[in-house]
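Presented below is the structure to which this report refers.
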Amino acid sequence: MKPISDFIAKKAILPEMKSRDKEGAIGELAQLLSNAYDNLDTKELYNLLLAREELCSTAMDGGMAIPHAKTSSVHGICGAFARSINGVEYGSSANEKTHLFFVLISPDKSAGLHLMALAQISRSFQDPTFRERIMQVNTVDEIYHLITGQ
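Residue 353 in this note's numbering sits at position 78 of the sequence shown, and the numbers go up by one each step.
Here's what the structure looks like:
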């Protein structure tokens, strides 16, 4: 299994989202990804992520969401992380606001790697202490260090 640092760059971390609703958050995540990685189109990412959310929300209990999609526009997994201090109405089953977003974009034909990356992120963010620490730090470097261990 690849370390998280293999699929997220510091420039793909947003310490404070502005959006308060799902569509706005997806737009910010799509923009973050397209700014951080070559060959990614904001509109395409927005449409892919929104379509995935319409199937079933990627929000999890504990204030976390892992929006994800596949596209032929990438050759490896691309990740981004964003945090919302105030929270986003994102559709969690517990009706709680979502504060932490880890978004993954994978190649069309990478089902195995895609699922392993989702599982790895999910395991990391299941720890309430870990989520709390991410909410308490302030800088991109601090967030990157917590997420990747580097």
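Glycine included, each C-beta is placed from N, C-alpha and C at the ideal position.
In the DSSP assignment, N322 falls within the alpha helix (DSSP H) that extends over T317 to L330. L379 and A392 do touch by the CB rule: their CB atoms are close to 6 angstroms apart, below 8 angstroms. Within the model, the alpha-carbon separation for Q425 versus F376 is close to 20 angstroms. Nearest in C-alpha terms to D281, of all of I396, E407 and L320, is I396. Secondary structure note for K297: its alpha helix (DSSP H) is the uninterrupted segment K297 to A311. Between the C-alpha atoms of E329 and T423 there is a straight-line separation of about 30 angstroms.
With respect to the 8 angstroms criterion, V349 and L315 are classified as neighbours on the basis of their beta carbons.
Comparing alpha-carbon positions, the option among S332, I409 and I352 lying closest to G387 turns out to be I352. Distance between L421 and K293, taken at the CA atoms: about 22 angstroms.
Straight through space, the alpha carbons of I283 and K277 are spaced by roughly 11 angstroms. In chain order, P382 and D383 place their CB closer than 8 angstroms to the CB of S347, counting only its own chain and leaving out the 5 sequence neighbours on each side. Rounded to the nearest whole angstrom, the CA to CA distance from L304 to A369 is 23 angstroms.
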